[in-house]
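Peer 1:
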Amino acid sequence: MAATVLPARAAKGGRPRRSRRLGEHLAGWGFVSPAVLLIGLFGMLPVLWSFWLSFQETDLTSPGEFAGGAKYAELVRDPLMWEAARRSAVYTVLFVPLTMVLALPIAVMLNQRIRGVTLYRMAVFVPLVTSTVATGIIFNWLLNPQFGPVNAALAKAGLPQQGFFQSPGQALFALVAMTVWGWLGFAVIIYLAALQAVPADLMEAAALDGCGRLRAFRHVELPLLAPASGFLLVWLTINSLQLFDEVYVTTKGGPLRATTVVVYHLYNKAFVDFDGGYAAAVGCVLFLVILAVTLVQLALTRRASSYEVR
Amino acid sequence: MRQPSGRRFTALVTGVALAAGLASGCGSGSGAAKKITFWHGYTDAQATAIGRLAGEWNAAHPKQQVQPVFSNNDNTLQKTLASFVSGKAPSIAYQYGSSLSALTGRRQTQDLTSLVNGSPDVNWNDFFPAARQGATASGKIYGVPALVDNLGLVYNKKLFDAAGVGYPKPTWTWDDFRSAAKKLTGDKRYGWAYVSDGTEDTVWRFLALLWQAGGDLLGAGDKEAAFDSPAGQQAMQLLADMAVTDKSVYLDAGDQQYLNLFNSGRVAMMWTGPWDLGQINKGVSYGVQYLPGKVTHASVSGPDIYMIFDRKAKDAAWPFLKWLTSAEVHLRFAEQTGDLPLRASEQKLPAYKSYLAKYPGNKVFIDNLNQNVTKARPNIPEYPRISQVLGTAVQAVLLGKKKPGPALAEAAAEVDRILAGS
Numbered sequence: 371m372a373a374t375v376l377p378a379r380a381a382k383g384g385r386p387r388r389s390r391r392l393g394e395h396l397a398g399w400g401f402v403s404p405a406v407l408l409i410g411l412f413g414m415l416p417v418l419w420s421f422w423l424s425f426q427e428t429d430l431t432s433p434g435e436f437a438g439g440a441k442y443a444e445l446v447r448d449p450l451m452w453e454a455a456r457r458s459a460v461y462t463v464l465f466v467p468l469t470m471v472l473a474l475p476i477a478v479m480l481n482q483r484i485r486g487v488t489l490y491r492m493a494v495f496v497p498l499v500t501s502t503v504a505t506g507i508i509f510n511w512l513l514n515p516q517f518g519p520v521n522a523a524l525a526k527a528g529l530p531q532q533g534f535f536q537s538p539g540q541a542l543f544a545l546v547a548m549t550v551w552g553w554l555g556f557a558v559i560i561y562l563a564a565l566q567a568v569p570a571d572l573m574e575a576a577a578l579d580g581c582g583r584l585r586a587f588r589h590v591e592l593p594l595l596a597p598a599s600g601f602l603l604v605w606l607t608i609n610s611l612q613l614f615d616e617v618y619v620t621t622k623g624g625p626l627r628a629t630t631v632v633v634y635h636l637y638n639k640a641f642v643d644f645d646g647g648y649a650a651a652v653g654c655v656l657f658l659v660i661l662a663v664t665l666v667q668l669a670l671t672r673r674a675s676s677y678e679v680r
Numbered sequence: 036m037r038q039p040s041g042r043r044f045t046a047l048v049t050g051v052a053l054a055a056g057l058a059s060g061c062g063s064g065s066g067a068a069k070k071i072t073f074w075h076g077y078t079d080a081q082a083t084a085i086g087r088l089a090g091e092w093n094a095a096h097p098k099q100q101v102q103p104v105f106s107n108n109d110n111t112l113q114k115t116l117a118s119f120v121s122g123k124a125p126s127i128a129y130q131y132g133s134s135l136s137a138l139t140g141r142r143q144t145q146d147l148t149s150l151v152n153g154s155p156d157v158n159w160n161d162f163f164p165a166a167r168q169g170a171t172a173s174g175k176i177y178g179v180p181a182l183v184d185n186l187g188l189v190y191n192k193k194l195f196d197a198a199g200v201g202y203p204k205p206t207w208t209w210d211d212f213r214s215a216a217k218k219l220t221g222d223k224r225y226g227w228a229y230v231s232d233g234t235e236d237t238v239w240r241f242l243a244l245l246w247q248a249g250g251d252l253l254g255a256g257d258k259e260a261a262f263d264s265p266a267g268q269q270a271m272q273l274l275a276d277m278a279v280t281d282k283s284v285y286l287d288a289g290d291q292q293y294l295n296l297f298n299s300g301r302v303a304m305m306w307t308g309p310w311d312l313g314q315i316n317k318g319v320s321y322g323v324q325y326l327p328g329k330v331t332h333a334s335v336s337g338p339d340i341y342m343i344f345d346r347k348a349k350d351a352a353w354p355f356l357k358w359l360t361s362a363e364v365h366l367r368f369a370e371q372t373g374d375l376p377l378r379a380s381e382q383k384l385p386a387y388k389s390y391l392a393k394y395p396g397n398k399v400f401i402d403n404l405n406q407n408v409t410k411a412r413p414n415i416p417e418y419p420r421i422s423q424v425l426g427t428a429v430q431a432v433l434l435g436k437k438k439p440g441p442a443l444a445e446a447a448a449e450v451d452r453i454l455a456g457s
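Protein sequences appear in the order of chains V and D. Position 60 (the first sequence) corresponds to 430 in this note's numbering; numbering is contiguous. Position 405 (the second sequence) corresponds to 440 in this note's numbering; numbering is contiguous.
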């Protein structure tokens, strides 16, 4: 915006009074400085510090030694790192689309004028505000292979018993199910807000033109939801690549490392093996991967939402 | 190893919630005369007991005020290390014995060897051997014993009666144990429970098995793996036979459900320590016995220690620790908490009788300390990584994903690599 204002001023030839501008600047900085300070202190500084750390051989407490790119080389050669990356990828590819695909119909339903809609909306939102630790305990109990209600129900239905979190082959999928449940409310709220922002006259016009409810959804509402979908895609992807808490409170990366995703691997390296440099290197690589994925997704979303400009 | 006794998650939540308060709490002591900050993970009765003792000390020593602060059990190592970075290290902190090797190399960690040797009134050799070993690394003393425990066989008498199985005897062999577990297993009921999350909780029970079969974890001088041996094979095979073939073992994924299941009559036997006895429901009639044996009936101890991390507070913290772990004071603490005695001489004090009357189940664990706890986990910096490797191997066998032979061979090769320094 500043770019458009400044030339206009220059064209008028008016020179802003220096003192007033300075005063405005100071006031502006005064307003933003608490946020800048906090974000700088707790956001930027740790990021820069961990970047510097990734070139060190350090146990995090005693002063480290400069190690150059050794930690990055170690990371590339570490089979556990690649395993963890593959798991994070599988998790993300399942978690993100599943959450979005399930959230959309729920949001559409909650957008209807039905009795008690507030109650339903709240019910959908509750998992999101439930603490991860509580969620973890509940799912550990629900999915307990020997005594959990889920296996009991499967047995009643004559279906085979499952190992869930205790089966190396199923744990990651159980984690997907648990986190989809936890994040669904978030995606529903975003979609719901977007649906409510669809102008009523657009829908009215579509109806007048003889457009059925389903076609109106397909050709009017759905395109208008593209920015919301784009946001969800980016946001959920970032979060699923950073998956940690849910693993920590359920499987602790097991069984047999089946749920050791990238950030859990990082945690193990940093706080079990005390290899701070390696862990920081993982963090930096993850940062770059997330940055790249996000940029691609943003570009794709922008193209999909380009009707706004037209 | 003091277990959070099924309250691991509660501890985690409280720990996180308290983190903020803790950070401010330990920073505020600088102005006062001589504040000794004392991090611990005690809850319930233990917290009350330690608070009372600290109060008693403070009343008698106005110049050496001890301030107990709840930190956490499971994450206490991480928190302590974080405090080193922030420069606000606690004067004293309760640490798992298994964390010692991660702390010995630090500038903040105080070597207590000369203090111990210089104070005959400590009577160091009065501490049980397992407790002493837990506080010692490469010949140096870094801590004062805070807790010594060990594993015993705790069983539900009613389930034994119902299955027509005789109660465990001190002379039980592995075969007796396995066949009893099999008979006790039935519809939604398991003979035994084993923590299979691959952590140290998985490993130390395996160490007991390994020692019972006459084996050991590492070779002489801790330079190479020694567990890929006939003894190791037998130990792993027992786990495979019971967990995979007989399916008589409830595999606890690390959420410590085994105790709840013992309480509800779903698990008939557990290998656990005195810390769990207080959590057994009143209605459950249980007995305690030595672990079953092969060559020996070896048990394993997870001794915990108090360590000093503040050089300036060292002189003030030392008398307090000496007092806290003296026979008379510790027995008073134990009487309120059910902890085992730290020192052999506690068994000779008059109050010991009422202690035993209050905690009859502890008798076997104390006898264990006197005769079956002879070996200790190696206190070497590589231990945490060795534990991870071995934990994964045991887990793979329990889940039936690997045969004992290959699991041991692969783990031994990995441990050799770790010990060789790569």
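Glycine is no exception: its CB is placed at the ideal position from the N, C-alpha and C atoms.
Among residues of its own chain, excluding the 5 on either side of Ala437/V, which ones have a beta-carbon nearer than 8 angstroms to its beta-carbon?
Peer 2: Phe425, Gln426, Glu427, Gly647
Peer 1: When DSSP labels each residue in this structure, what does Phe421/V get in the three-state scheme?
Peer 2: helix
Peer 1: Would you mind giving the Cβ-Cβ distance between Val179/D and Ala170/D, rounded to the nearest angstrom? I have them listed as a contact below 8 angstroms.
Peer 2: 6 angstroms
Peer 1: Within 10 angstroms of the Cβ of Leu418/V, are there 16 or more other Cβ atoms? Answer buried if so, exposed if not.
Peer 2: exposed
Peer 1: Cutting at 7 angstroms between CB atoms, please list the residues of its own chain near Tyr490/V, excluding the five before and the five after it.
Peer 2: Leu480
Peer 1: Scan the stretch 556 to 612 of chain V and note each continuous beta strand (DSSP E) run of 3 residues or more that stays entirely inside, going in chain order.
Peer 2: none
Peer 1: Among all the DSSP beta bridges, which residues are the ones paired with Arg378/D?
Peer 2: Phe162/D
Peer 1: Would you call Lys347/D buried or exposed, if buried means 16 or more other Cβ atoms sit within 10 Å of its Cβ?
Peer 2: exposed
Peer 1: Mind listing which residues of the stretch 603 to 636 of chain V have their C-beta closer than 9 angstroms to chain D's C-betas, in chain order?
Peer 2: Tyr618, Val619, Thr620, Thr621, Lys622, Gly623, Gly624, Pro625, Leu626, Arg627
Peer 1: According to the neighbour-count rule (16 or more other Cβ atoms, all chains shown, within 10 Å of its Cβ), is Met548/V buried or exposed?
Peer 2: buried
Peer 1: Establish whether the CB of Tyr459/D and some CB of chain V are separated by less than 8 angstroms.
Peer 2: The requested residue 459/D is not part of the displayed model; chain D covers only 36 to 457.
Peer 1: Would Ala662/V be called buried (16 or more neighbouring beta carbons within 10 Å of its own) or exposed?
Peer 2: exposed
Peer 1: Where do the N-terminal and C-terminal ends of the alpha helix (DSSP H) with Thr505/V fall, by residue?
Peer 2: 502 to 512
Peer 1: So, with DSSP's three-state summary, where would you put Leu391/D?
Peer 2: Leu391/D falls in the helix class under three-state DSSP.
Peer 1: Given a cut-off of 8 angstroms on the beta-carbon distance, is the pair Ser218/D and Gly322/D in contact?
Peer 2: Here the sequence assigns Lys to residue 218/D, which means Ser is not the residue at that position. Not in contact: Lys218/D and Gly322/D (Cβ atoms no closer than 8 angstroms).
Peer 1: In the DSSP assignment, what residue or residues form a beta bridge with Tyr229/D?
Peer 2: Partner(s): Leu286/D.
Peer 1: Does Ser420/V have its Cβ less than 8 angstroms from a Cβ in chain D?
Peer 2: The C-beta of Ser420/V comes no closer than 8 angstroms to any C-beta of chain D.
Peer 1: Quick one: does Gln113/D have its CB under 8 angstroms from some CB of chain V?
Peer 2: So yes, Gln113/D belongs to the interface.
Peer 1: For the alpha helix (DSSP H) containing Gly653/V, list its first residue and its last residue.
Peer 2: 646 to 674
Peer 1: Would you kindly report the start and end of the unbroken beta strand (DSSP E) that includes Tyr321/D?
Peer 2: 321 to 324
Peer 1: If you draw a straight line from the alpha carbon of Ser133/D to that of Lys436/D, how long is it in whole angstroms?
Peer 2: When only Cα atoms are considered, Ser133/D and Lys436/D end up about 28 angstroms apart.
Peer 1: On the criterion of 16 or more Cβ atoms from any shown chain inside 10 Å, does Arg447/V qualify as buried, or is it exposed?
Peer 2: Exposed is the label assigned to Arg447/V, since fewer than 16 other Cβ atoms lie within 10 Å of its Cβ.
Peer 1: Could you tell me the alpha carbon to alpha carbon distance between Gly410/V and Ser458/V, rounded to whole angstroms?
Peer 2: 29 angstroms
Peer 1: Report the three-state DSSP secondary structure of Pro309/D (helix, strand or coil).
Peer 2: Helix at Pro309/D.
Peer 1: Can you grab the Cα-Cα spacing for the pair Tyr131/D / Gly456/D, in whole Å?
Peer 2: 24 angstroms
Peer 1: Here's a check: name, in chain order, each residue in its chain whose Cβ is nearer than 6 angstroms to the Cβ of Ala674/V, leaving out the five neighbours to either side.
Peer 2: Ala596
Peer 1: I need the DSSP call for Asn185/D, collapsed to helix, strand or coil.
Peer 2: DSSP, reduced to helix, strand and coil, places Asn185/D outside both helices and strands of the structure shown, so it counts as coil.
Peer 1: Beta-carbon within less than 6 angstroms of Gln145/D's beta-carbon, same chain only, minus the 5 sequence neighbours each way: which residues are those?
Peer 2: Ile343, Lys349
Peer 1: Do Leu613/V and Pro631/V come within 8 angstroms of each other at the CB atom, strictly closer than that value?
Peer 2: This sequence places Val at residue 631/V; Pro is not what is there. It is a contact, given that the beta carbons lie within the stated cut-off.
Peer 1: Of all Cβ atoms in chain V, is any one closer than 8 angstroms to the Cβ of Gln247/D?
Peer 2: no
Peer 1: Can you check DSSP and say which residues form a bridge with Thr72/D?
Peer 2: Gln102/D
Peer 1: Is Thr171/D helix, strand or coil by DSSP?
Peer 2: Thr171/D: strand per DSSP, three-state reduction.
Peer 1: Only counting the same chain, and skipping five residues up and downstream in sequence, which positions put a Cβ closer than 7 angstroms to that of Glu444/V?
Peer 2: If you ignore the 5 residues before and after Glu444/V, its C-beta comes within less than 7 angstroms of the C-beta of Tyr648, all in its own chain and listed in chain order.
Peer 1: Check whether the Cβ of Arg141/D lies closer than 8 angstroms to any Cβ atom in chain V.
Peer 2: yes
Peer 1: Output yes or no for whether 8 angstroms exceeds the beta carbon distance between Gln430/D and Gly233/D.
Peer 2: yes
Peer 1: Determine whether the Cβ of Asp571/V lies closer than 8 angstroms to any Cβ atom of chain D.
Peer 2: no
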